[in-house]
Each structure stands twice: as C-alpha cells, then as structure tokens.
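Chains as they are written, first to last, in the working numbering: chain Y, 1 to 139; chain V, 1 to 139.
Backbone N, C-alpha and C define an ideal beta-carbon position, used for all residues, glycine too.
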DNA sequence: GTAGATGCAAATTTTTTGCATTTAG
DNA sequence: CTAAATGCAAAAAATTTGCATCTAC
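Set out below in structure tokens:
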C-alpha cells in the first residue's frame, strides 16, 4: 500500500502517525493532478472525517519539508500540492478553468548544462504548458 | 523607445496614457528578471514619484489583459511580473533567496506534440529550474 | 465635459500563528 | 508520561474593491 509507505516514512523521521495525516495523504494518493489545501480539506470533510484547515496546511508543510509533497503556486493565487512519485510530473493547464492534464518531462538533459553555466546546484525543475481545453473551447 | 511603444499600444486600445502607467512600464523595462508588485511600487516611490499600490496592481492587471505583461506565481506566495518581449524567457530560481537567472527555452517543439495529443489550444508555457545559487551555497 | 484612472480605506482571500487541549508512542 | 499534533480564533500578507475625487483626451 502506497499510503502506508508514506506514513511509515513519516514515522521514521520522528513524526507521529495520526488520522489527520493519513487522511491528507489518502486524498493526495487518490488525486491524479495537484490539489489545493481547500480541496483537500473539503474532500476529507466529505468523506465523513473531521479536520481543521490549519491541520491540512501544517500537514502539507510537513510533507513538503520531508520531500514527500511538491507545492506549486498557480496564477489564481492558490497553491496546489501533489505527492512526489517515482517520476515527477508536468502539467498542461487550461487558462480557462485551471484543469490540469499530466504530460511527460522532456528536459532532464538541460539541467546539467544550465548547472554548469550558472554554477547553481540544480535541485529540480517545473515545466508547464498553458492552453485552452476542449471544454472551454466550446463555451 | 520601447516604453513609448508600450504606452502607445495602450492608447490604441482605449486606455489612457497616465504617469502612473508610464512609471510601472519604466520599472518593468528596466528590470531584467520578473519583479513583484511591491518591488515595482517601491522602485517608483524611490524614483521620487508618488503612486498607490492598488494603482500598481490595476496597471499590472491591465497590462496582462492586453498581453503586454506576463504574471507568474512564486512559491513565496507573491506574483512576479515581466514585460512580454520578442522572445520569451525562462528562469533558474534559487530556492534560498528567489534570485532569478534567465535561461534559454529548449521546448518549442514539444508544444505542437502535446497540443495534438490533448486537443488543447496551446497558448504558452513556463519552464523553471530550481537550485541553490553560488551565494546561498556559501552560507 | 466625461469616461476612465487614481487614492484611500476597507474588504477578501489564502496562509500562518499562538495558545490551550488532546493524543500517539 | 511527554513531546508532538490539533482545533480554534486571531493575525498576517497579498491582492481586490467601493467610492469619492481627479485627469487625460
């Protein structure tokens, strides 16, 4: 079980294994695109659990600090969160409705090159394409 | 003069040519990496001009809606703005201090491919690498 | 003269924090 | 039992908005 694994990673890092954290991780596991803190909160409440929005934020912050979750800021001013899985993901984002579609990453090679030129230690990258999705096109 | 051109584009779209807008455009012209609304505001004030922060936001919103400015959200929760120039720019961003270094774009070809697969109308993309800059490495 | 732009203050929205209380290990 | 986690309410920070006033055209 993947969520079990995540919880164990937390335990291994001196973090307690609570129902709230399990609930947040479950939502992240079930989501196939990045979700906002509010969305996570609502999905947990809808599943019959009780949780506070600040617990959601604190859990996400913890998971990000442990490298288990990636945070991205969107143009609408809200952050989105996604589990860091084996291979990372990039997204095609509809500028009409913010819907996200996963796409493959084409730019592993570039990192080494840029790192050499700029003397940065490259730790990651983000690639996003923007466009109008078929549904928004019809409107 | 480039800023003159921008102002004229505004005029051509039924927008008035004011000192505030000129000041915002001047700051954007002078910046070689994306800047926050607050930074724009401060630079205008420091240059001896008087302007209100909401005028800065309104001007940026206007410029973005006319396609003259690109807005990007950063992980620190603040948006950054940059003039849309002939060729677009991508950035290498230090996760320590948020410093940005321009890099070339390697992914024009990808857009067509993704567009065909997803039936989105691709309107643009964003590529960012993250890392630790030489200065932050020393600390 | 008039539509559009600005300043100001207040409202919104998202995220963070302090502190008293609860709970996992 | 104790450090860590949570809930709640309040604070912060970025951005937006309503409205009276001002200004470019």
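Asked: Can you give me, in chain order, the residues of the segment 81 to 95 of chain Y that have a beta carbon less than 8 Å from any beta carbon in chain V?; Found: 92, 94 and 95
Asked: For residue 41 of chain V, I'd like the list of residues in its chain whose CB is within less than 8 Å of its CB, leaving aside the five on either flank, ordered along the chain.; Found: 51, 53 and 56
Asked: Using the beta-carbon of each residue, which ones in chain Y are nearer than 9 Å to residue 115 of chain V?; Found: 92, 129 and 131
Asked: Residue range of the alpha helix (DSSP H) that residue 136 of chain Y falls in?; Found: 134 to 138
Asked: Among residues of its own chain, excluding the 5 on either side of residue 82 of chain V, which ones have a beta-carbon nearer than 6 Å to its beta-carbon?; Found: 34 and 70
Asked: My assumption, with CB atoms under 8 Å, is that residue 95 of chain V sits in contact with residue 123 of chain Y. Please give the rounded CB distance.; Found: 6 Å
Asked: Do you know offhand how far residue 18 of chain V's Cα is from residue 59 of chain V's?; Found: 10 Å
Asked: I want to verify the contact list: residues of chain Y whose CB lies under 8 Å from the CB of residue 122 of chain V, in sequence order.; Found: 92, 129, 130 and 131
Asked: Mind reading off the beta-carbon distance from residue 129 of chain V to residue 92 of chain V? Whole number of angstroms is fine, and I expect it under 8 Å.; Found: 5 Å
Asked: Could you tell me if residue 21 of chain Y is buried or exposed, where buried requires 16 or more neighbouring beta carbons within 10 angstroms of its beta carbon?; Found: buried
Asked: Taking residue 137 of chain Y as the query, report the chain V residues whose CB atoms sit under 9 Å from its CB, ordered along the chain.; Found: 119, 120 and 121
Asked: Could you spell out the range, first to last residue, of the beta strand (DSSP E) harbouring residue 153 of chain V?; Found: Residue 153 of chain V lies beyond the residue range present for chain V, which begins at 1 and ends at 139; the question has no answer from this structure.
Asked: Please state whether the Cβ-Cβ distance between residue 89 of chain V and residue 36 of chain V is less than 7 Å.; Found: no
Asked: Pull up the distance between the alpha-carbon of residue 44 of chain V and that of residue 68 of chain V, whole angstroms please.; Found: 19 Å
Asked: Kindly give me the distance between the Cβ atoms of residue 120 of chain Y and residue 132 of chain V, rounded to whole angstroms, as I take these residues to be in contact under 8 Å.; Found: 6 Å
Asked: Whose CA, out of V:10, V:78, V:25 and V:99, lies closest to the CA of residue 137 of chain V?; Found: V:99
Asked: Kindly list, in the order they appear in chain Y, the residues whose Cβ is closer than 8 Å to that of residue 74 of chain V.; Found: 73
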